[in-house]
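Everything below concerns the one structure shown next.
Residue numbers (the working numbering), protein chains in the order written: chain G, 1 to 304; chain E, 1001 to 1304.
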């Protein structure tokens, strides 16, 4: 990934290195590599593809942080906190472009097409999310659509792309896609739960960030289903005074935490994990598949 | 291009239709089509490619307007003026993604690769431009690099891509690239001149926008070369009071206009046009080539 910075101008190069070096789990490229290496595959092209996947993810994070005005990610200041909005937008665009360039190095039109299509799903999904801020009337279906677009679409593409590049049989390629989908759904639900129960030092960002910005996630649906008071949530949205908003946020987090909603959401993530593990039996039995089983189990146990 | 909106969610669909319907010269896709149709070519794929080129251009404009905080473009409110920054950034991302998807419909890996590479040049160039705001010490070479990245790279890609898709012989493909390059350089210089001498009603945006935001363009280089007072320019940058800044801007525009710098810059654009026309003799003699000759001449005569 450091290579992606090499052609860029000075400040942009520094920014990309900063982003690439500030960590992350590298889960998505790991998925691509595991799926690809389950077959005989051109390893160089597989690395290009995995790089493209991680850069695409990085670019969406850069723009997310602009959009949310987030100042911390993974415990480090966001690019946004160091640069102005314009420069950050352009840095994200540049990383998108580099991601696309890496995807084309596979010389595989269907791979490039799925890659670009996935980007369009992600962007559309983020926009839908934005128009649903502060909206307690949305359905759980809308939540699933949103986390599919935001997260599961790229997980699903990460595995399918690896298999596609390696020329996996049609049926297995579809199994890879489905596996990535279920894993991504579980991953995002856990992410949404961690926003309520995570440790800020481990998370690297403030707890309650989603709720503060008006994003309705699965624990809130379950909180309301269990008869929780909606006013506890809407107070967070409606308070203008920063201190009062902070207090309302603490109370809302506590209310959701103690309502059993967190357990409900984690159970549901667990169901997605079970589905993901079941589908893995349909792909070749290799050490990569075993590694993926471990990653899948890790997803619901992780603390950041 | 309306098709690009069809899969998008409600507000995004409206935004894309608004952008696509608010006009523009469609010069870049015309270049792609003219270059492609100079040979026997798959017309459907050529249309996809031309669509990709125009969408790429549209996406960069959307992000430019976020970055500049511009409220008017082509006489209409920018998306930026109607939506918040976040939504506008995402709309631009979505249009980038759709552009990439259309490019992949050509099923031509080298085409897709050049397309993605061009996007990375444009973004890098915009960032360089941003870091050169208010900097009167930059060289004219830096200006040329910037307008190449910002404009000529996409013009050049527009023609080369059309020829590449059509399987033009190597030498002709390079001639198309060069033609697009010279045309794009001329086009951008004229754009920069129009920022000094254009009619606001015809331009669809305020005169002096570049100078106001600190972008140093060719007329300013010539103004300084002709012994113009740099303080007239820096006053625009340094004034904090909006009214005083407006006055300084008017004076600076007047000073540049009357210095002969506009003539110098237009002469230089004319030289690029001559080079472009000379190169056209190296591509097949068809009605498309004749149309391109007219377009090339139009570029220096246009008023918006």
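Note that beta-carbon positions come from the ideal geometry of N, C-alpha and C, so glycine has one too.
Residue i: contacting residues in chain G (beta-carbon distance under 7 Å)
i: residue 1255 (chain E); result: Correct list: empty, because the minimum Cβ distance to chain G is about 28 Å.
i: residue 1116 (chain E); result: 97, 100, 101 and 104
i: residue 1126 (chain E); result: 90
Secondary structure of residue i, DSSP reduced to three states
i: residue 1084 (chain E); result: coil
i: residue 77 (chain G); result: strand
i: residue 249 (chain G); result: helix
i: residue 285 (chain G); result: coil
i: residue 193 (chain G); result: helix
i: residue 1259 (chain E); result: coil
i: residue 1133 (chain E); result: coil
i: residue 102 (chain G); result: helix
i: residue 1108 (chain E); result: coil
i: residue 239 (chain G); result: coil
i: residue 45 (chain G); result: helix
i: residue 1274 (chain E); result: helix
i: residue 309 (chain G); result: As shown, chain G starts at 1 and ends at 304. That puts residue 309 (chain G) outside it, with no answer to give.
i: residue 1216 (chain E); result: coil
i: residue 139 (chain G); result: coil
i: residue 148 (chain G); result: helix
i: residue 24 (chain G); result: coil
i: residue 39 (chain G); result: coil
i: residue 1166 (chain E); result: coil
i: residue 1201 (chain E); result: helix
i: residue 971 (chain E); result: Any property of residue 971 (chain E) remains undetermined from this structure, which presents chain E solely from 1001 to 1304.
Minimum Cβ-Cβ distance from residue i to chain G less than 9 Å
i: residue 1089 (chain E); result: yes
i: residue 1018 (chain E); result: no
i: residue 1134 (chain E); result: no
i: residue 1094 (chain E); result: yes
i: residue 1010 (chain E); result: yes
i: residue 1119 (chain E); result: yes
i: residue 1122 (chain E); result: yes
Under 9 Å by beta carbon: chain G residues contacting residue i
i: residue 1112 (chain E); result: 100, 103, 104, 109, 112, 113 and 116
Partners in chain G for residue i, counting only beta-carbon separations shorter than 8 Å
i: residue 1130 (chain E); result: 86, 87 and 90
Cβ distance (whole Å) where residue i is taken to contact residue j below 8 Å
i: residue 1218 (chain E); j: residue 1143 (chain E); result: 6 Å
i: residue 1197 (chain E); j: residue 1262 (chain E); result: 6 Å
i: residue 203 (chain G); j: residue 194 (chain G); result: 6 Å
i: residue 151 (chain G); j: residue 102 (chain G); result: Incorrect: roughly 21 Å between the Cβ atoms, too far for contact.
i: residue 208 (chain G); j: residue 266 (chain G); result: About 18 Å; that fails the 8 Å criterion.
i: residue 212 (chain G); j: residue 236 (chain G); result: 7 Å
i: residue 181 (chain G); j: residue 156 (chain G); result: 4 Å
i: residue 84 (chain G); j: residue 22 (chain G); result: In fact, because the Cβ distance is near 19 Å, the residues do not count as touching under 8 Å.
i: residue 1109 (chain E); j: residue 104 (chain G); result: 6 Å
Within-9 Å CB hit, residue i to chain E
i: residue 156 (chain G); result: no
i: residue 79 (chain G); result: no
Residue i beta carbon near the ligand ZN (any heavy atom closer than 8 Å)
i: residue 234 (chain G); result: Among the components of this structure there are no ligands whatsoever, and the ligand ZN is therefore not found.
Interface positions of the stretch 40-73 of chain G facing chain E (Cβ-Cβ less than 7 Å), listed along the chain
63, 66 and 67
Check each residue of the stretch 1231-1259 of chain E: if its Cβ is closer than 9 Å to any Cβ of chain G, include it; give the result in chain order.
none
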